[in-house]
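Colleague:
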Amino acid sequence: MTALLFAMVASFVAAIGARDQLLVSRLAGALGAANGLLVVALTSSAVTAIIAAWLGSLLARTMSGSAATMFVALALLLAAFECAWPNRERVPREPTRSLGAAFIVLCFRQMTDASRFLVAAMAVVFAYWPLAGLGGAIGGGAALTMGWLSGTALEARLPLRRLRIGLAVLLFGLGVITGLSARGIIA
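When you line the sequence shown up against UniProt numbering, it's residues 1 to 187, in that order.
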């Protein structure tokens with residue numbers, strides 16, 4: 001149960017202002033909040049979270065305790081880097097109405113986002129990937145639903161860039177501390 005809760009919270013927080021949430025928000029604003037878009041977004045969130053958790057569990061089987069801790073540190077640092085990376089994507093002028101195309105783009109964006117790095121780390125730490133995957137799917141899905149409901153107002157209401165930079169700093173600090181403890185430098 002701990003894996004589910006930690007993965008859910010980490011995934012939700014890391015998905016605020018992420019590329020996938022912004023895409024869903026912009027598409028909902030341009031096309032209207034169609035139910036099909038929400039179903040596609042939630043499905044892609046579930047698929048990518050389960051894949052990330054499963055891959056994390058595969059890695060966990062081959063690692064010792066300190067190697068697993070170092071993997072978590074690297075996942076935190078990658079998540080920090082992804083959060084700090086500026087999103088210079090433009091709003092599509094004529095967004096596609098193809099739900100299949102939206103699903104593919106969302107899946108590719110989510111497989112390298114901070115949320116999925118954290119879900120993989122939770123699967124390594126807690127060694128039970130189904131709950132980590134479910135938690136990641138729920139947290140990521142909640143963030144996407146928030147973007148879908150907000151539409152274009154999401155970017156206007158929240159200081160997304162500052163939130164992402166703050167999260168990047170927090171994740172970087174946690175990654176450094178975790179890495180130093182894995183190396184035995186700090187206890």
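Here a beta-carbon is modelled for each residue, glycine too, at the ideal position from N, C-alpha and C. If you're wondering where the values come from, they're calculated on a predicted model, not measured in any experiment.
If you pair each beta-carbon of the stretch 125-133 with each one of the stretch 12-23, do three or more pairs fall below 8 Å?
Modeller: The answer is no - the stretch 12-23 does not touch the stretch 125-133, with fewer than three Cβ pairs under 8 Å.
Colleague: Check the C-beta distance from residue 12 over to residue 175 and give it rounded, since I have them as a contact under 8 Å.
Modeller: At roughly 19 Å, the Cβ-Cβ gap does not stay under 8 Å, so residue 12 and residue 175 are not in contact.
Colleague: So, at 6 Å on beta carbons, what are the nonlocal neighbours of residue 121 in its own chain, with the 5 sequence-adjacent residues on each side left out?
Modeller: Taken in chain order, the residues that qualify are 72, 75.
Colleague: Using 8 Å as the Cβ pair cut-off and three pairs as the minimum, do the stretch 57-65 and the stretch 143-159 touch?
Modeller: The answer is no - the stretch 143-159 does not touch the stretch 57-65, with fewer than three Cβ pairs under 8 Å.
Colleague: Kindly indicate which three-state DSSP category residue 49 falls into: helix, strand or coil?
Modeller: Of the three classes helix, strand and coil, the one that applies to residue 49 here is helix, per DSSP.
Colleague: In the DSSP assignment, find the alpha helix (DSSP H) that holds residue 146 and state where it starts and stops.
Modeller: Note, residue 146: alpha helix (DSSP H), 129-150.
Colleague: Which first and last residues belong to the alpha helix (DSSP H) in which residue 32 is found?
Modeller: From DSSP, residue 32 is part of no alpha helix (DSSP H); its letter is neither H nor E.
Colleague: Between the C-alpha atoms of residue 4 and residue 65, what's the straight-line distance to the nearest angstrom?
Modeller: Approximately 21 Å between the Cα atoms of the pair.
Colleague: Check the C-beta distance from residue 37 over to residue 77 and give it rounded, since I have them as a contact under 8 Å.
Modeller: With 8 Å as the limit, residue 37 and residue 77 do not qualify as a contact, their Cβ atoms being about 33 Å apart.
Colleague: When the Cα atoms are used, what is the spatial distance from residue 157 to residue 28?
Modeller: If you take the alpha carbons of residue 157 and residue 28, they lie about 16 Å apart.
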